[in-house]
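Novice:
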Amino acid sequence: MRPSSSTAYYQFKPYNVGRWAIWSAFALVLLVAPLVFTSSLSQTMLSQMGIAIIVCLSYNMLLGQGGMLSFGHAVYSGMGSFLAIHTLNLVTKGLPLPVSLVPIVGGLSGMLVAVVLGWVTTKKAATPFAMITLGVGELVWAMALMFPEFFGGEGGITGNRVTGPRPLGISFGPQIQLYYLIAFYTFVCTALMFAFTRTPLGRMLNAVRDNPERVEFVGYDTQKVRYISFVIAAFFAGISGGLAALNFEIVTSEVVSGTRSGAYLLFTFLGGATFFFGPIIGAIVLVLANVLLSELTKAWLLYLGLVFLFMVMYAPGGIASLIMMNLRVAAFGRLKELWVSYLALAFTALVVLLGAAAMIEMVYHIQLNAALGPELTFLGATLNSRGVNSWFGAAFVMLTGLGLFEVARRHFVRQWGEIQEFIEKEMKRRESL
Amino acid sequence: QKGETVRIAFMDPLSGPFANVGQNQLKSWQFAAEHFSGAKNPAGVKFEVVGFDNKGSPQESLNTLKAAIDQGFRYITQGNGSGAGLALEDAVAKYNERNPGKEVIYLNYAAVDPSMTNEKCDYWHFRLDADTTMKMEALTSFMKDQPKVKKVYIIGQNYSHGQQVAKFFKEDIARKRPDVKIVGEDLHPIGQVKDFSPYVAKIKQSGADTIVTGNWGQDLTLLVKALNDSGLKIPMYTYYAGVTGTPTALAAGGDSEVYVVAYGHSNHSGEIGQMAAEFKKKFNDDYYTFATYNGINLLGAAMAKAKSTNPVQVARAMEGLSFKSFAGDATMRASDHQLQQSMFVTKWQKADKKYPYSVENTGYTFVPIKQMDPYVSSTPTSCQMKRPSGG
Amino acid sequence: MSDPTYALELKDLRKSFGKTEIIRGASLAVKAGERVAVIGPNGAGKSTLFNLISGRFAPTSGQVLLNGQRIDGKKPFEINRMGLSRSFQITNIFPKLSVFENLRCGVLWSLGYRYTFLKFLADLDDANERAEQLMEMIKLHKKRDVLAVNLTYAEQRALEIGITIAGGANVILLDEPTAGMSKSETRRFIELIKEVTVGKTLLTVEHDMGVVFGLADRIAVVVYGEVIAFDTPEAVRANQRVQEAYLGSHVADAQVGAA
Amino acid sequence: MEFFTISLLNGISYGLLLFMLSSGLTLIFSMMGVLNFAHASFYMLGAYFAYSTTRLVGYWPALFIAPLLVAVLGAAFERYCLRRVHKFGHVPELLITFGLSFIILEMAQLIWGTSSVDYRVPPELSGPLFTLYGTQFPMYRGFMMLVAILMLIAIWLLLTRTRIGLVIQAALTHPETVEALGHNVPRVFMLVFGGGAALAGLAGVIGGNAFVTEPGMAATVGSVIFVVVVVGGMGSLTGAFVASLLIGVIQTFAVGIDYSLMGALGTVGVNVTPETFGFALWKLKISQVAPILPYLFLVLVLIFRPKGLLGTREG
Amino acid sequence: MLKIENLHAFYGKSHVLHGVHFEVGQGEIVALLGRNGSGRSTTAKAIMGMVACTGSIEWNDRQTLGLKAYEIAHLGIGYVPENRDIFPKLTVHQNLMLGQKGKAAAKKARWSFADMYQMFPRLQERQHTEAGVLSGGEQQMLTLCRTLMGDPDLIIIDEPTEGLAPKIVELVGDYLKKLKERGVSVLLIEQKLTIAMAISDRALVMGHGSIVFQGTPDTLRADAYTRKEWLEV
Ligand SMILES: Nc1ncnc2c1ncn2[C@@H]1O[C@H](COP(=O)(O)OP(=O)(O)OP(=O)(O)O)[C@@H](O)[C@H]1O
Ligand SMILES: Nc1ncnc2c1ncn2[C@@H]1O[C@H](COP(=O)(O)OP(=O)(O)OP(=O)(O)O)[C@@H](O)[C@H]1O
Ligand SMILES: CC(C)C[C@H](N)C(=O)O
Ligand SMILES: [Mg+2]
Ligand SMILES: [Mg+2]
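Residue numbers (our numbering), protein chains in the order written: chain A, 663 to 1095; chain B, 9 to 399; chain C, 60 to 318; chain D, 1216 to 1530; chain E, 156 to 388.
1) For W214(E), which of helix, strand or coil comes out of DSSP?
2) Measuring only the C-alpha atoms, how far is L1101(A) from P827(A)?
3) Which chain D residues are close to A804(A), counting only those with a beta carbon under 7 Å from its beta carbon?
4) Answer with buried or exposed for Q314(C), where buried requires no fewer than 16 other C-beta atoms within 10 angstroms of its C-beta.
5) Looking at C-alpha atoms only, which residue of F1358(D), L1250(D), K1302(D), L1325(D) is the closest neighbour of T1312(D)?
6) Which same chain residues end up closer than 6 Å to V1444(D) when comparing Cβ atoms and leaving out the 5 residues on each side of it in sequence?
7) In angstroms with no decimal places, state the Cα-to-Cα distance between W1327(D) and M393(B).
8) Expressed to the nearest angstrom, what Euclidean distance is found between the alpha-carbon atoms of V824(A) and F1054(A)?
9) Under a three-way DSSP split, which group does K256(E) fall into?
10) Closest by CA to M711(A), which one among L954(A), N1046(A), L796(A), V778(A)?
11) Helix, strand or coil for R1520(D)? Go by DSSP, reduced to three states.
12) Taking 8 Å as the CB-CB limit, is V893(A) close to chain B?
13) Given a cut-off of 8 Å, decide if Y365(B) and T373(B) are closer than it, judged by their beta-carbon atoms.
14) Which residues in the same chain have their Cβ closer than 7 Å to the Cβ of I946(A), if we skip the five residues on either side of it in sequence?
15) Please list the partners that F1426(D) has in chain B, where partner means a Cβ-to-Cβ separation under 9 Å.
16) Residues around ligand 5, please: the ones whose beta-carbon is closer than 6 Å to some heavy atom of it, in chain order.
17) Of all Cβ atoms in chain B, is any one closer than 8 Å to the Cβ of V1436(D)?
18) So if I threshold CB-CB distances at 8 Å, which residues from the region 228-246 of chain E count as touching chain A?
19) Do you know how far the Cα of N88(B) is from the Cα of P978(A)?
20) Find out if the Cβ-Cβ distance for the pair A736(A), V767(A) is shorter than 8 Å.
21) List the DSSP bridge partners of H170(E).
22) Using a 10 Å radius around the Cβ and a threshold of 16 neighbouring Cβ atoms, would you call G338(E) buried or exposed?
23) On a CA-only basis, which of E97(B), Q79(B), N28(B), A40(B) is nearest K63(B)? Give me that one, please.
24) Is it right to say F674(A) is buried, meaning 16 or more other beta carbons lie within 10 angstroms of its own, or is it exposed?
25) When you compare only the Cα positions, how much space is there between K288(B) and R1048(A)?
26) On the criterion of 16 or more Cβ atoms from any shown chain inside 10 Å, does V887(A) qualify as buried, or is it exposed?
27) Per DSSP, which one or two residues make a beta bridge with D290(C)?
28) Could you check how far apart the C-beta atoms of A1101(A) and M1021(A) are, in whole angstroms? I think they sit under 8 Å.
29) Measure from the alpha carbon of L703(A) to the alpha carbon of each residue in T1044(A), S762(A), F910(A), then state which is nearest.
30) DSSP state of I832(A), grouped into three classes?
31) Looking only at its own chain, which residues have a Cβ that is under 6 Å from the Cβ of P1489(D), when we skip the five neighbours before and after it?
32) Taking buried to mean at least 16 other C-beta atoms within 10 Å of its own C-beta, is E188(C) buried or exposed?
33) By a C-beta neighbour count over all protein chains shown, 10 Å radius and 16 as the cutoff for buried, is V281(C) buried or exposed?
34) Would you verify that the beta carbon of L70(B) is, or is not, closer than 8 Å to some beta carbon of chain D?
35) Quick one: is N250(E) near chain C, going by C-beta distance under 8 Å?
36) Among residues of its own chain, excluding the 5 on either side of V201(B), which ones have a beta-carbon nearer than 8 Å to its beta-carbon?
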């Protein structure tokens, strides 16, 4: 299960210890997270994060590792969900299958669907690929609404996960039990997908991404490389779909929708498609944004849009790349110099955000809730959306923040540039040793 | 119980494409809650409605349910979309079964899939709207007296709601007016049609004199526009011509003969009429979700009867309870928890002295042309209600 | 049916793009182990010929035989699996993979690992050893973990050759391997090519006469899609037609002299 | 015959409408290679701007002002956002337009509210243009067709009579070289993006009152316009035009066809009953899938002719 | 005409040119020689405003440092990049069209399409072919012609004979001389000493980012030290 053990021999020594530590830490986080966050909402959220991690990682097999931009990945996770819930209902009717294996059924179904649809999809790469997935996605989604017999119509298909035999008294009734099932799958699937990147097929997939033409001249059929990888990715997507079916105990047509596929794309990218662990971050952010952000503010879609805009512009490698850049700085022992700058940046950015958010919230208030009086509470303070004071205050806060931020930013950019230069020199020096 | 606060979690889309409907309905709930709080309800409780954004998604609804339960809500309400409704009905059932003593009641104010009170019915679910079958029952009862109706064309969205409308119309009309011919039936993918003129051409070719549709939102407005453009002026019987946004589009299309079946209309007088006027003044928006009126009153009556605000007792009290609705008496039928209430058929026309209410400030209004007592639209149920033991 | 003593044989090969016929009945027979330079004016069809042989294009008519077997019309990967490999005129490597990974990608298929995802790369001792060996051969072992994009031009060209020979093919086609290199680099590079292709059949396209005459056992001259001469270097240089069509009057001599 | 004529007319006018919606996208996609997911948002903005300007100065000025405003926004977006990510490749470009579409949607809702606005066809253009077999053909639809054709001509002139198209296509591979040849590449990019946005805006001005001006209007045309561009062939304006008409006509006629696979099987003696596996699929009538035929078309075209109908390249 | 003083150029943080000085006079062919990586291409890019640099570049007494590439091109400097940067999706003819600087300018230009096609008949044959499928040599010809279409007064050519058949190399040499006759100055960056020496009026040798030799081809031929140290290994 653990790729680290088998790769041990060839890898650079100190790295390996690190890898053990990372995987153990990952397992530990999965284990203790629900003990730290105990409310029922946070437990469902943790479960959903696990599910999202699997599906985003599987999406990244296509996007990050294979250079395949798919607009229809939800088809595979979604079909996994549907077949899993039908299977669950069969279990209720007496099919002798442990509930804990239902996600595997989801995986196999996702895979099967990919075997059929993937054949046409992966014939092409690049933009034609993207457009085929868009078309297939739209078709499947439209079909899902048309066939209530299989997809359950508006209400979808419901199931009950508390069914079948209960080994060790585990019924999966309480969320926490299900969480640990999901955590287990998440760990195993993550490990497997990581292992995949270390296999011949995984490597050839990278090669196909970078230079498909040349791949043909070293003996590989690029279409087959894409196809097999696509099917494997669909398998993991299906597992995630199966877990989602168990988690929600209901599957509706939204699981195959284009919106869902779009979310996988956006958040995988936000997390960082160029690093293996990027999508994990993306998945966590996805759940947080969907569940929490929308509770905090009505303007959440606006905030999300802005975050994307800025991330794509300033950190096109996603959150993961930001982390890696800082790790590099840390590796050269210069991170501590940056602390002050980071603090200053964070603080001033927060001020800007505060001012901007106050204004955004006031605008939303005027638009949506003006009738409830001009007053609204924002982070505990009371703002008057019709009052000059509030607007002036918010604008003042924002502009001051902006000014200070710019000062901090300039300082930081200079410092950062210096450090990068140092690192480059240092690397050259080490190379020439 | 007097002076207690009953908190209701409202979960419907508050962002995204359906936010307009959701926002309006949240305000309606809050407005009704405020209106009937304290002495104005028999139990003397204070109602408070808090909005949760489920984005119209069944899965997100489950998250908002969890969030609401975490925050101590014992009453939830939802209506916009049967998908989310069915998800909530099922989730509430499972939650209540797995968490005895912490039961939650789900008041459904607009999700009209009949299965919610039939094969999938549940003890904790109470529907305040009339389901598709009831509306169709009322609509066909009206249509059977229209001699003009001879050849009907059914057009609808190809998903469960549209399919049900078609199915029940055919069944009901065959029963009531066997001479009426169905000259065509079209189900189109929901939200995908940009141009309805091919459908209009088909309708025209079929020689139909009447259209029946369960369409809503853009699928309805575009249909109406295409009909107007082609000059095909035949009456249309609908469910959702009054939903936010549609009247504006209807008005832009000029005069057209449109009927709507619903459990209310926009020209009520009396208390509800005053409330609508007040609502309009306050929010500059229409008060059309009258189920909020009934919902709060039903709760108040049940809490008075149960002398408690505990959902277990309140649920029991609501079964079979009769209360004063805005249009006569209404009864929460015990066998399936479907509210039995009066139904109206209204017609789209210019607002006048008698019916002055201008919907969405269009200068048009929905004029009630027929009111039907609850028994008319009552439909049988296949529900086998499982009641909690000891209840 | 055909003579398997020839490693590579072209029989009346033709290729048209649209209406223009670019290759007009080229025939050539290369013996196993021979080093052949292909020369000819710009646009004569040398690269196209390579593309036809390696499966990038399918010929309009005619045959290509590899060790006596027909390969025309086959896909590039099928031809590669049969033992023919090529490099490109414009550098064509895997830019985001390290030098080592680039070479390992070239090695995998020939060692039978195919599309497997049930084995770890790190455990494939033979593939890793072979990749390390190749790295030594093309003298890039110091750059083992450097991404290919970050190599200098000459290093990239070397890597290009490395990938080409990685699969252990017997017949190697190189398209202008020394393009863009300086004299001194070219000289070193030719040595490298000689070294790594010992015992193999080699076809090279070149415009640098120094390279051509230094490397080739025989020279094929392509003009207007036909092989107009296929002979020893001396004979070719003396050939009147070749001089007219390709070499020009004095430059050729001067360059050969300079090499 | 009657039904056929009317359907043909409907099909062609719908096709032209599709072309109107997608022409700006074609322009941007074919020239800059950017899959602009915010195109439909620009379309929506056009409609809303037109709604507001119509109230201030009337419809005819709005017909010019609204697209201009959209163009300015589009150009500004290109200048300050898109340009920065251009060097990162196509996926970031696409994602940033994705982000933009969120922002535009929210902004539009903030400014104009969440329900539809009352944006009407001007009186001089309402009413029927002519009546055919008792069916009216609305004047506004005729106007729409006219504008679509004008758009076609305008873009065609832009592409053939100026070198802008060449400059951009060349700049996709070697921007620096194009600059060194004396072309101000960034400005050209900005103009083209602004122009594409303006076309979307114009479509919005005209589509907004023909249909419904509401926040959801972007989403409803969102993906079908990609179908047009891809089916027609990337980089081909005529392709997009032909594809629009083809899709329009096919879809319109498909609505009139009530055959199903079940029926087809019935004629060859295979009886499909509700018990047959996959009954729902067999009984599906062609008319029921008409609106999603474009997607089927898209998939088939990409499989069998990945260059698109008239395209010359695959990517 | 072109006067460069104390030019320093940078790729990001790496300092590539260290104070380059030289001049190119009207109608002069100047060869810029040096080993791989000595900074010749960078010099060309610096003149075109395509790399960050400091110092002074004067063209007809006008400071061009800090101008954008297209502005510099409009001042009459043409640049033929190395690596055959043809535009692969455009036809040969369209590639040439892009070399022109507008309709009015094209009318006054020294060169027309016909001149180009006469110079390389091969291009005329392939006129309507996508440039991406041209043979390597044909692409090389195309890049040269494309720049000429812009009617520059100074043309900077980076390794124009790369990948050309020996016979064509001669032809290019002849053509460069013709340019000179029409008053165009040439800055020729070359690898092939023979041709460079044969046609140039002056030779510059570059090493490690600065000019290490200036003189006539004959003095360079005589200067064994420079040749050995800076041009060969
Ligand atoms: N796909 C294609 N479509 C049309 N013409 C093509 C195609 N590929 C090559 N050609 C043409 O075929 C001719 C031969 O090209 P090829 O690349 O084989 O020449 P070459 O002999 O390698 O020349 P060079 O020495 O200049 O590289 C050229 O004129 C080229 O334009
Ligand atoms: N884009 C770049 N980024 C960083 N360094 C570069 C870049 N381009 C060139 N260099 C470096 O600048 C130096 C000079 O390169 P330049 O291309 O000017 O050399 P050259 O003399 O033209 O050589 P060649 O014969 O290879 O064309 C080299 O050391 C090279 O590695
Ligand atoms: C938005 C509403 C009109 C939806 C409707 N209640 C339905 O069940 O589909
Ligand atoms: Mg060639
Ligand atoms: Mg150079």
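All C-beta atoms in this analysis are idealised placements derived from N, C-alpha and C, irrespective of residue type, glycine included.
Since the structure is predicted, the reported quantities are computational estimates derived from the model, not experimental observations.
Specialist: Judging by the given coordinates:
1) Your numbering for residue 214(E) matches position 59 in the fifth sequence. Here W214(E) sits in strand by DSSP.
2) Any answer about residue 1101(A) is impossible in this case: the structure gives chain A only from 663 up to 1095.
3) Your numbering for residue 804(A) matches position 142 in the first sequence. Taking a Cβ-Cβ threshold of 7 Å, the residues of chain D close to A804(A) are I1507, in chain order.
4) Sequence index remark: in the third sequence, residue 314(C) carries index 255 (1-based). The predicted model places Q314(C) with a pLDDT of 41, which falls under 50 and marks its position as unreliable, so this point remains unresolved.
5) Residue 1312(D) sits at position 97 when you count from the first residue of the fourth sequence. It is L1250(D) whose Cα lies nearest to the Cα of T1312(D).
6) For the purposes of this step, residue 1444(D) is taken as residue 229 along the fourth sequence, with counting starting at 1. Cβ neighbours of V1444(D) beyond the five flanking positions: S1237, L1240, T1241, F1244, A1455.
7) For the purposes of this step, residue 1327(D) is taken as the residue at position 112 of the fourth sequence. For the purposes of this step, residue 393(B) is taken as the residue at position 385 of the second sequence. Straight-line Cα distance between these residues: approximately 46 Å.
8) Along the first sequence, read from residue 1 onward, the residue named residue 824(A) stands at position 162. Along the first sequence, read from residue 1 onward, the residue named residue 1054(A) stands at position 392. Per the coordinates, the alpha-carbon of V824(A) lies some 57 Å from the alpha-carbon of F1054(A).
9) Position 101 of the fifth sequence holds residue 256(E). Coil.
10) Locating residue 711(A) in the first sequence gives position 49, where the first residue counts as 1. Of the candidates L954(A), N1046(A), L796(A), V778(A), the residue whose Cα lies closest to the Cα of M711(A) is L954(A).
11) Mapped onto the fourth sequence, residue 1520(D) falls at position 305. Coil.
12) Along the first sequence, read from residue 1 onward, the residue named residue 893(A) stands at position 231. By this cut-off, V893(A) is not an interface position.
13) What you label residue 373(B) is simply residue 365 of the second sequence in a count that begins at 1. What you label residue 365(B) is simply residue 357 of the second sequence in a count that begins at 1. Cβ atoms of T373(B) and Y365(B): closer than 8 Å.
14) As a first step, residue 946(A) must be located in the first sequence, where it is residue number 284. Within the same chain, I946(A) has close Cβ partners M711.
15) By 1-based counting over the fourth sequence, the position of residue 1426(D) is 211. What F1426(D) touches in chain B: K202, D203, Q226, T229, L230, K233, A257.
16) Chain-ordered list of matching residues: R195(E), S196(E), E237(E), D313(E).
17) Along the fourth sequence, one-based indexing puts residue 1436(D) at 221. Interface residue, yes.
18) For the region 228-246 of chain E, there are no residues whose beta carbon sits under 8 Å from a beta carbon of chain A.
19) Start at 1 with the first residue of the first sequence, and residue 978(A) comes out as number 316. Start at 1 with the first residue of the second sequence, and residue 88(B) comes out as number 80. Each residue's Cα considered, the two are about 38 Å apart.
20) Taking the first sequence and counting its residues from 1, the one referred to as residue 736(A) is at position 74. Taking the first sequence and counting its residues from 1, the one referred to as residue 767(A) is at position 105. Taking 8 Å as the Cβ cut-off, A736(A) and V767(A) do not qualify as a contacting pair.
21) In the fifth sequence, residue 170(E) corresponds to position 15, counting from 1. Beta-bridge partners of H170(E) (DSSP): F165(E).
22) Sequence index remark: in the fifth sequence, residue 338(E) carries index 183 (1-based). Burial call: exposed.
23) Residue 63(B) sits at position 55 when you count from the first residue of the second sequence. N28(B) is the residue among E97(B), Q79(B), N28(B), A40(B) whose C-alpha sits nearest the C-alpha of K63(B).
24) Translated into the one-based positions of the first sequence, residue 674(A) becomes position 12. Here the model assigns F674(A) a pLDDT of 39, short of 50, so the residue's position is not dependable, and the following value carries that caveat. Answer is exposed; the Cβ neighbour count stays below 16.
25) Translated into the one-based positions of the second sequence, residue 288(B) becomes position 280. Translated into the one-based positions of the first sequence, residue 1048(A) becomes position 386. Straight-line Cα distance between these residues: approximately 21 Å.
26) Mapped onto the first sequence, residue 887(A) falls at position 225. It counts as buried.
27) On the third sequence, residue 290(C) is found 231 positions in, with the first residue counted as 1. Paired residues: I278(C).
28) In this structure chain A extends from 663 to 1095, so residue 1101(A) is not present and cannot be described.
29) Taking the first residue of the first sequence as 1, we reach residue 703(A) at position 41. Among T1044(A), S762(A), F910(A), the Cα nearest to that of L703(A) is on F910(A).
30) Counted from its first residue, the first sequence places residue 832(A) at position 170. Here DSSP, grouped into helix, strand and coil, assigns I832(A) to coil.
31) Indexing the fourth sequence from 1 puts residue 1489(D) at position 274. So no residue of the chain qualifies.
32) Translated into the one-based positions of the third sequence, residue 188(C) becomes position 129. The residue is exposed, with fewer than 16 neighbouring Cβ atoms inside 10 Å.
33) Taking the third sequence and counting its residues from 1, the one referred to as residue 281(C) is at position 222. V281(C) is buried by the Cβ-count criterion.
34) For the purposes of this step, residue 70(B) is identified with residue 62 of the second sequence, where counting begins at 1. So, not an interface residue.
35) For the purposes of this step, residue 250(E) is taken as the residue at position 95 of the fifth sequence. N250(E) does not count as touching chain C.
36) Looking up residue 201(B) in the second sequence gives position 193. Correct list, in chain order: Y207, D227, L230.
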